[in-house]
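A.B. asks: Below you'll find the structure I mean.
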Amino acid sequence: MQAFPHKTAATCAGLGWIGKPSLLVTPEYGPRIRLGTVLTKARFQTAEPIVSDRCGKCSLCVEACPYGAIHNVNWERGKERDDLFDAYLCNGKRLEYIPVIGRKHSCGLCLQACRIGREFQNRR
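Take 10 as the starting number for the sequence shown in the numbering used here and just add one per residue.
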């Protein structure tokens, strides 16, 4: 059984696009979100599907990544995660940073660097 592609569902529903670090980016929150999907037969109104990114020439996340795991490639429908981001490099390197950041998750510097959704982050 394959994992359900939550980011694909979100782009098809028009909620956001895939950013350079292979994270869903929404206009309001940027990449600072968690995804979950409810499968139902109910009909909902959705926005137009998003088929390409809106990051453009911005490379703040690329510059912020201490691992060099983000390839600075713009997403469009059909691109694979590995085209955008080296998840294995990020995962391997993050283990070195556990004593520094004190947790087993990624460092989050790419999330913090993204200018989209900063207004929401600053309201918190």
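A virtual CB, placed ideally from N, CA and C, is assigned to each residue, including glycine.
Label Asp91 either buried or exposed according to how many other C-beta atoms from any shown protein chain fall within 10 Å of its C-beta, with 16 as the threshold for buried.
C.D. replies: On the sequence shown, position 82 is the one that residue 91 refers to. Exposed is the call here.
A.B. asks: Tell me, to the nearest whole angstrom, how far the beta carbon of Ile79 is from that of Cys119; I am working on the premise that it is less than 8 Å.
C.D. replies: On the sequence shown, residue 79 is found 70 positions in, with the first residue counted as 1. On the sequence shown, residue 119 is found 110 positions in, with the first residue counted as 1. Their Cβ separation, rounded to whole angstroms, is 6 Å, which keeps Ile79 and Cys119 in contact under 8 Å.
A.B. asks: What did DSSP end up calling Leu69 once you bin it into helix, strand or coil?
C.D. replies: As a position in the sequence shown, residue 69 is number 60, starting the count at 1. Of the three classes helix, strand and coil, the one that applies to Leu69 here is helix, per DSSP.
A.B. asks: For Phe94, which three-state DSSP category applies?
C.D. replies: The count along the sequence shown starts at 1 and reaches residue 94 at position 85. The answer is strand: DSSP assigns Phe94 an E or B state.
A.B. asks: Rounded C-beta distance between Leu33 and Ala19? I'm assuming under 8 Å.
C.D. replies: On the sequence shown, residue 33 is found 24 positions in, with the first residue counted as 1. On the sequence shown, residue 19 is found 10 positions in, with the first residue counted as 1. About 5 Å separates the two Cβ atoms, so the contact holds.
A.B. asks: By the three-class DSSP mapping on this structure, what secondary structure does Leu24 have?
C.D. replies: By one-based count along the sequence shown, residue 24 stands at place 15. Coil, per DSSP.
A.B. asks: Confirm, please, whether the CB-CB distance from Cys123 to Cys74 is below 7 Å.
C.D. replies: Here the question's residue 74 lines up with position 65 in the sequence shown. Here the question's residue 123 lines up with position 114 in the sequence shown. No.
A.B. asks: Here's a check: name, in chain order, each residue in its chain whose Cβ is nearer than 8 Å to the Cβ of Gly45, leaving out the five neighbours to either side.
C.D. replies: As a first step, residue 45 must be located in the sequence shown, where it is residue number 36. Excluding sequence neighbours, Gly45 sits near His15.
A.B. asks: With Gln11 as the anchor, note down where its alpha helix (DSSP H) starts and where it stops.
C.D. replies: The residue given as residue 11 occupies position 2 in the sequence shown. Run containing Gln11: none; DSSP gives neither H nor E here.
A.B. asks: Considering only the beta carbon of each residue, do Thr55 and Gly25 sit closer than 7 Å?
C.D. replies: Counting from 1 along the sequence shown, the entry for residue 55 is found at position 46. Counting from 1 along the sequence shown, the entry for residue 25 is found at position 16. Not in contact: Thr55 and Gly25 (Cβ atoms no closer than 7 Å).
A.B. asks: Give the secondary structure of Thr46 by DSSP, where H, G and I count as helix, E and B as strand, and everything else as coil.
C.D. replies: As a working mapping, residue 46 is identified with position 37 in the sequence shown. Coil at Thr46, not helix or strand.
A.B. asks: Is it buried or exposed for Leu93, if we count other Cβ within 10 angstroms and need 16 for buried?
C.D. replies: Indexing the sequence shown from 1 puts residue 93 at position 84. Buried: at least 16 other Cβ atoms inside 10 Å.
A.B. asks: Measure from the alpha carbon of Phe129 to the alpha carbon of each residue in Lys29, Ala12, Glu105 and Arg41, then state which is nearest.
C.D. replies: If you number the sequence shown from 1, residue 129 lands on position 120. Nearest option by C-alpha distance: Arg41.
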